[in-house]
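One structure below.
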Amino acid sequence: MEQTDRIFVAGYRGLVGSAIRRELEKQGYRNLLLKSRTELDLMDRAAVDRFFTEERPEYVFLAAAKVGGILANNTYPADFIRDNLEIQTNVIDAAWRAGVKRLLFLGSSCIYPRLCPQPIKEEYLLTGPLEATNRPYAIAKIAGIEMCWSYNRQYGTQFLAAMPTNLYGPGDNFDLQKSHVLPALIRKAAEAKANGERKLVVWGTGTPRRELLYSDDLAEACVFLMNLPDDRFGTLLNSEEPPLINIGTGEDLSIRELAEVVCRVIGFDGKLEFDTTKPDGTPRKLLDVSRIHALGWRASTSLEEGIRLTYEWAKESLVLTPA
């Protein structure tokens, strides 16, 4: 990507999109196409087609999505499959019609089978049943991968699907009704400390293991992938298999261990209590990141540093009351 190229960051206000915007600006890209939801509703096909026809973006980061944790996915399954299918279908098809050079579709590690061999290789896609608690979302994302693959094969596009592990960072959602596990733990620990409580309740048994990636590290990986030379980028678009690449740290820890790290960073020294009436979700999700490591990228932000930066952002943004 040249610094003057027209680059569309779909979903630039979300956790992933805002990180990609920061990374692009840090690297000197000056021609970013940024539209809020009120300016461009990605679920409105006519509006999306009109935007691509008029603006002619050359590169697209498709980070827009409806996302949420176990509670949100269980409560609004129809919303998760419908909204995500509409957003990605509209953008991917319009990108092809407008002659976009490269598109990066952002998915999630939940696309892989619930009881996948660990660490999870890209080729494990569609080899077993999905986790029931987020199956509608996962199926929508799998459809997005298949769509990128199909357009590449039929139309010669260069659309790549990147599957990050569990993400966190500035811009995360700290609403306990909708959040993922890490921002939920940060909020609970901060409020417990501020209120002088001696107990912090964690959903589930604490035994599932999770890999976590700081959002700015993901953004760096995304820009890195979009800037690969044609020959190396082309190796990821092999027509014999989905154009799919994992992005993560290659390390995981249990929910109990994660809660302990959060409490240590925030300074809450009370007791952890596990509510085993609540669902655990997938037992383990550790990505095999050997493919992106071989290309020359590795995550650089430690978990403790990432949690500290996220907590500081949440306080400065008044998302959380300082503990």
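FYI, this note's numbering numbers position 41 of the sequence shown as 43, with every residue one higher than the one before it. All residues carry an ideal CB built from backbone N, CA and C; glycine is no exception.
What residues are listed by DSSP as bridge partners for residue i?
i	result
R104	Y61
E275	V203
N248	M165
I1	No answer is possible for residue 1: the residues shown for the chain start at 3 and end at 325.
S256	R211
I122	L289
For residue i, which residues in the same chain have their Cβ closer than 8 Å to its Cβ, ignoring the five residues on either side in sequence?
i	result
N168	S111, H182, V183, L184, R212, E213, L214, L215, K287
P59	R8, I9, F10, L35, A97, A100, V102
E27	L34
L289	S111, P121, I122, M165, T167, E213, N248, I249, G250, G252
Using the Cα positions of residue i and residue j, report the straight-line distance between them to the nearest angstrom.
i	j	result
R104	N92	16 Å
E57	R24	21 Å
Q160	G30	24 Å
N33	T6	6 Å
A261	K123	27 Å
G236	P245	9 Å
G208	R266	17 Å
D95	I144	16 Å
S256	R137	22 Å
C118	G252	15 Å
C224	V291	14 Å
A49	E41	10 Å
G130	M149	20 Å
N76	A134	9 Å
E199	G269	12 Å
D81	Q90	14 Å
I147	G13	18 Å
W151	L239	8 Å
I141	A196	40 Å
E259	A296	29 Å
P166	Q179	23 Å
R39	L227	26 Å
G109	A164	6 Å
S217	E242	31 Å
G158	V18	27 Å
Q156	L162	15 Å
S20	L106	15 Å
R52	D46	10 Å
Y61	F54	11 Å
A301	M3	22 Å
Looking only at its own chain, which residues have a Cβ that is under 6 Å from the Cβ of residue i, when we skip the five neighbours before and after it?
i	result
K201	G272, K273, E275
W315	P172
P285	P210
G71	S181, H182
P114	For the record, residue 114 in the displayed sequence is Tyr; it is not Pro. Hits under 6 Å: I122, Y126.
G308	Y216
Report the three-state DSSP secondary structure of residue i (helix, strand or coil).
i	result
N92	helix
Y170	strand
Y313	helix
V216	Per the sequence shown, the amino acid found at residue 216 is Tyr instead of Val. Y216: strand per DSSP, three-state reduction.
Y139	helix
N175	coil
E133	coil
S319	coil
L17	helix
E186	Per the sequence shown, residue 186 should be read as Ala rather than Glu. Note: A186 maps to helix in three-state DSSP.
K180	coil
W299	coil
N233	Looking at the sequence itself, residue 233 is Asp, so the reference to Asn does not match. Looking at D233 - three-state DSSP - the assignment turns out to be helix.
G308	helix
G283	coil
V50	helix
G109	coil
F82	helix
K195	helix
Q156	helix
E243	coil
M228	helix
M149	helix
Using a Cβ-Cβ cut-off of 7 Å (strictly less than) and excluding sequence neighbours within five positions of residue i, which residues of its own chain qualify?
i	result
W205	D277, K280
V321	F176
R15	S38
E222	E25
Y153	I94, W98, T159, F161
contact_flag[the stretch 78 to 93, the stretch 61 to 70] where n(CB pairs < 8 Å) is 3 or more: Enough Cβ pairs lie closer than 8 Å, so yes.
- prompt: On the three-pair Cβ rule with 8 Å, is the stretch 297 to 314 touching the stretch 185 to 195?
  reply: Yes, they touch.
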